[in-house]
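>
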Amino acid sequence: MNYYRFIKKLILPLITLWALDLHAQKAKEFFVTAGWMYLAPQSKSSTLRIVEMGSTPMDAELPNTAVRLGKSNTLGFSGGYFFTDRWAVELTAGIPPKFDIKGWDALEPLGKIAETTAWTPILQVKYRQPITPKFNASLSAGFTYCWFTDSKITNDQLGVLLGGPTDLKVNGAFRPVFSGGLTYAITDQWFVGGNFSVIPLSVDAVLTTRHQETNQIMKSKIDVDLNPIMTYATIGYVFKKRKK
Numbered sequence: 001m002n003y004y005r006f007i008k009k010l011i012l013p014l015i016t017l018w019a020l021d022l023h024a025q026k027a028k029e030f031f032v033t034a035g036w037m038y039l040a041p042q043s044k045s046s047t048l049r050i051v052e053m054g055s056t057p058m059d060a061e062l063p064n065t066a067v068r069l070g071k072s073n074t075l076g077f078s079g080g081y082f083f084t085d086r087w088a089v090e091l092t093a094g095i096p097p098k099f100d101i102k103g104w105d106a107l108e109p110l111g112k113i114a115e116t117t118a119w120t121p122i123l124q125v126k127y128r129q130p131i132t133p134k135f136n137a138s139l140s141a142g143f144t145y146c147w148f149t150d151s152k153i154t155n156d157q158l159g160v161l162l163g164g165p166t167d168l169k170v171n172g173a174f175r176p177v178f179s180g181g182l183t184y185a186i187t188d189q190w191f192v193g194g195n196f197s198v199i200p201l202s203v204d205a206v207l208t209t210r211h212q213e214t215n216q217i218m219k220s221k222i223d224v225d226l227n228p229i230m231t232y233a234t235i236g237y238v239f240k241k242r243k244k
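For reference, each letter of the sequence shown is one residue, going 1 to 244 in this note's numbering.
#1: Where T92 and S202 are concerned, what is the direct C-alpha to C-alpha distance, given to the nearest angstrom?
#2: Could you check whether M37 and I50 sit closer than 7 angstroms to each other, using their CB atoms as the reference points?
#3: Near G159, which residues of its chain fall below 6 angstroms by C-beta distance, leaving aside the five closest residues on each side in sequence?
#4: Spatial neighbours of P200 within its chain, please: CB distance less than 8 angstroms, with the 5 preceding and 5 following residues excluded, ordered by chain position.
#5: Would you report the Cα separation of V198 and P41, rounded to the nearest angstrom?
#6: Give me the residue from T183, Q216, G236 with the minimum Cα distance to T132.
#7: Mind checking N215: buried by the 16 CB within 10 Å criterion, or exposed?
#8: Measuring alpha carbon to alpha carbon, tell me which of A233, G35, N195, V206 ends up nearest K126.
#9: Between which two residues does the alpha helix (DSSP H) holding Q129 run?
#10: Between the C-alpha atoms of F82 and P109, what's the straight-line distance to the nearest angstrom?
#11: With DSSP as the reference, identify every bridge partner of A88, one or two as the case may be.
#12: Pair every Cβ in the segment 61-69 with every Cβ in the segment 88-108, then say whether three or more of these pairs are closer than 8 angstroms.
#13: What does the alpha-carbon distance come out to for the pair Q189 and G79?
#14: On the DSSP bridge list, what partners appear for P41?
#15: Tell me the DSSP secondary structure of D167 in three-state form.
#16: Closest by CA to M230, which one among E61, K71, V238?
#17: Please report how far the alpha carbon of A205 lies from the alpha carbon of F143, in whole angstroms.
#18: For the alpha helix (DSSP H) that D156 lies in, which residues bound it at each end?
#19: How would you write the range of the beta strand (DSSP E) that I153 sits in, first residue to last?
#20: Taking the beta strand (DSSP E) that S202 belongs to, which residues open and close that run?
#21: Looking at the structure shown, is E29 part of a helix, part of a strand, or coil, going by DSSP?
#22: How would you call Q212, buried or exposed, if buried means at least 16 neighbouring beta carbons within 10 angstroms?
#23: For a quick check, are the C-beta atoms of G163 and T116 less than 7 angstroms apart?
#24: Could you pull the DSSP bridge partners for D105 from this structure?
#25: Sort Q124, E29, D156, K152 by Cα distance to T84 and report the nearest one.
#26: Around the C-beta of N136, are 16 or more other C-beta atoms found within 10 angstroms, so that it is buried, or is it exposed?
Structure representation (structure tokens):
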């Protein structure tokens with residue numbers, strides 16, 4: 001009887017582990033996904049400070065001037081490759097979303113003051129763990145290089161406060177990315193899933209103003225902690241290996 005119980009305890013977990021992989025991706029298989037991407041910056045910023053007037057460096061803080069970023073939605077997509085049954089590499093991107101930049105503290109009455117478009121391709125290594133025959137959980141880690149285009153001031157009142165017409169530039173940065181997700185196998189090749197990512201992202205923005213009173217170029221700078229949380233709801237397809 002003891003021998004039978006030992007065999008039972010040994011064999012049943014092995015059968016369970018085998019069953020969990022029936023609907024999972026296997027080694028040397030490619031997969032693609034597409035879906036809805038929702039980005040929610042957990043933003044806060046320093047105060048705006050003047051760092052240069054003409055060719056003269058300076059450091060003059062403009063008290064109670066801060067900004068926040070709004071949320072954004074876009075179409076996302078990804079592609080990946082399982083190099084073992086559990087480990088994969090995945091590249092995630094999307095149509096670059098546009099973010100509204102809003103005034104905060106003393107600038108809050110201005111509402112939206114600027115906008116920018118963010119490019120955030122993400123490269124990660126993913127580990128997949130089966131939960132049930134069709135459900136799989138995953139943890140991922142990697143990096144992104146986030147850069148910004150089409151950055152511009154949209155509220156002329158900000159230019160009035162700074163003393164003249166103002167241009168905006170938001171500098172990019174390399175940052176780590178950490179993700180967790182779940183997938184559900186509809187068939188052997190089609191699946192749906194959800195993914196949750198955090199990016200500890202800080203950037204600096206430079207405002208260049210042609211000061212009307214002095215006719216000099218004034219540069220201002222503000223540091224912004226974006227720290228976006230990204231939710232990605234997907235449908236995916238696995239390119240199964242041909243049976244020999």
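Note that the Cβ used here is the ideal one computed from N, Cα and C, for glycine as well.
Values in this document were obtained by computation on a predicted structure and should not be read as measured data.
For this structure:
#1: 20 angstroms
#2: no
#3: P165, T166
#4: R175, P176, N227
#5: 10 angstroms
#6: T183
#7: exposed
#8: N195
#9: Note, Q129: premise wrong, no alpha helix (DSSP H); beta strand (DSSP E) at 122-130.
#10: 51 angstroms
#11: F82, K126
#12: yes
#13: 14 angstroms
#14: P228
#15: strand
#16: K71
#17: 21 angstroms
#18: 156-162
#19: 135-153
#20: 202-210
#21: strand
#22: exposed
#23: no
#24: T65
#25: E29
#26: buried
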